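Number 38 in the working numbering belongs to position 38 of the sequence shown; there are no gaps in the numbering.
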Amino acid sequence: MFLFPLQVRGNKGEVLYILDATNPRHSNWLRFVHEAPSQEQKNLAAIQVHEIYECQDCDKKFISANQLRRHMITHSEKRPYTCEVCCKSFKRLDQVTAHKIIHSEDKPYQCKLCGKGFAHRNVYKNHKKTHSEERPFQCEECKALFRTPFSLQRHLLIHNSERTFKCDHCDATFKRKDTLNVHIQVVHDGHKKYKCDLCDKAFVTPSVLKSHKKTHTGEKEKICPYCGQKFASNGTLRVHIRSHTGERPYQCPYCDKAFSKNDGLKMHIRTHTREKPYQCTECNKAFSQKRGLDEHMRTHTGEKPFQCDVCDLSFSLKKMLIRHKLTHNPNRPMAECQLCHKKFTRNDYLKVHMENVHGETDS
Numbered sequence: 001m002f003l004f005p006l007q008v009r010g011n012k013g014e015v016l017y018i019l020d021a022t023n024p025r026h027s028n029w030l031r032f033v034h035e036a037p038s039q040e041q042k043n044l045a046a047i048q049v050h051e052i053y054e055c056q057d058c059d060k061k062f063i064s065a066n067q068l069r070r071h072m073i074t075h076s077e078k079r080p081y082t083c084e085v086c087c088k089s090f091k092r093l094d095q096v097t098a099h100k101i102i103h104s105e106d107k108p109y110q111c112k113l114c115g116k117g118f119a120h121r122n123v124y125k126n127h128k129k130t131h132s133e134e135r136p137f138q139c140e141e142c143k144a145l146f147r148t149p150f151s152l153q154r155h156l157l158i159h160n161s162e163r164t165f166k167c168d169h170c171d172a173t174f175k176r177k178d179t180l181n182v183h184i185q186v187v188h189d190g191h192k193k194y195k196c197d198l199c200d201k202a203f204v205t206p207s208v209l210k211s212h213k214k215t216h217t218g219e220k221e222k223i224c225p226y227c228g229q230k231f232a233s234n235g236t237l238r239v240h241i242r243s244h245t246g247e248r249p250y251q252c253p254y255c256d257k258a259f260s261k262n263d264g265l266k267m268h269i270r271t272h273t274r275e276k277p278y279q280c281t282e283c284n285k286a287f288s289q290k291r292g293l294d295e296h297m298r299t300h301t302g303e304k305p306f307q308c309d310v311c312d313l314s315f316s317l318k319k320m321l322i323r324h325k326l327t328h329n330p331n332r333p334m335a336e337c338q339l340c341h342k343k344f345t346r347n348d349y350l351k352v353h354m355e356n357v358h359g360e361t362d363s
């Protein structure tokens, strides 16, 4: 039992406070230490009574074996705690508990500019910077500018030649884990285990699936504060609001381009990675987007799903139908030849005319 008062001192030797060790409750050193009013002072007291638990990997000190065990997990690659909603894994229980808040409907931090809600204050503070054009953080290698130090740190990895993150589904390798995750979602369909029973779409979380189902029922309860347009979910409303605010929260990890939609970012990233995951089974030609493959397949099948409602002509591409329909519009804009005054429905038709008839080119 400690029978003397304990002077707990600071880094400079000054006495911070004194604990009366004659109190019977202080007979156990751990209870003695726990009388300290703050965590820092508990650590100081524990060190002074020579009862500390030191990490052999980083020399950090702790006042209990339990605290040391929790800390040691940070040096391990094991992630035993998994979020049952999105399958993301964590090293500690408190980390997965904090993470689960993002799946909750309770998002107390709301952006006044775009209406987006956040579960964590620090994420909300970082989001507010996306509304600012200020980019104070510069890459010394290529002079690219970024809004946050985190964005700059992510970008710096592209100047590193090492590729340490390998896809488990194919031979692709990446410099960053989040870029690997985007690859898995885009190419290998990610972890979309929540499937809509009304269509073929699948989603990462049940809350997103629930919002999606409203597109089948016609429910539109969310109203845009800028124009009054109605939407089925908060997600679609947020995307729409960006058309008013100009917000582009999805930033490319390879360059400084940003996008209002995650899908736009995914397609753009392929311009850096050169990924073409959609391959034609007839001729092995590959495409970066599924839409490109679908359009290409019509060259093999002869399918022309886009039909003119005026003259019944059909086209393989929607843009070809749109161009064609201009020929039925009496008020359509016309491109006129300045030499013979012949008119054309499209500028490229006029260009061909100028080359073939008048022997003139743009050069």
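Ideal Cβ placement from N, Cα and C applies to all residues, glycine included. Because the structure is a prediction, the values reported are computed rather than measured.
In this structure, the straight-line span from the alpha carbon of residue 302 to that of residue 311 is close to 19 angstroms. Between residue 120 and residue 247, the CB-CB gap reaches or exceeds 8 angstroms. According to DSSP, residue pairing for residue 307 in a beta bridge involves 314. DSSP lists no beta-bridge partner residue for residue 235. For residue 291, the number of other beta carbons within 10 angstroms of its own is below 16, and it is reported as exposed. Residue 95 carries a helical assignment under DSSP once its states are collapsed to helix, strand and coil. Pairing residue 79 with residue 56, the inter-Cα distance amounts to about 21 angstroms. The beta-carbon separation of residue 287 and residue 276, rounded to 6 angstroms, stays under the 8 angstroms limit for a contact. In this structure residue 92 touches residue 81 by the C-beta definition: roughly 7 angstroms separates them, less than 8 angstroms. DSSP places residue 215 in the helix class (H, G or I) of the three-state scheme. Cβ neighbours of residue 166 within its own chain (closer than 7 angstroms, five residues either side excluded): 173. Taking the Cα positions, residue 274 is about 30 angstroms away from residue 322. Under DSSP, the beta-bridge partners assigned to residue 89 are 82. In the three-state reduction of the DSSP assignment, residue 355 falls in the helix class, which pools H, G and I.
Here residue 173 carries a strand assignment [DSSP, helix/strand/coil].
In the DSSP assignment, residue 117 is bridged to 110.
Taking the CA atoms as reference points, residue 96 sits about 8 angstroms from residue 88. Here residue 213 really is in contact with residue 196; their C-beta atoms are around 6 angstroms apart, less than 8 angstroms. The beta carbon of residue 350 sits closer than 7 angstroms to the beta carbons of 335, 337, 344 from its chain, once the five residues preceding and following it are set aside; these are given in chain order. Residue 241 sits away from residue 117, with the two beta carbons spaced by 8 angstroms or more.
Residue 152 is not a Cβ neighbour of residue 142, given a cutoff of 8 angstroms.
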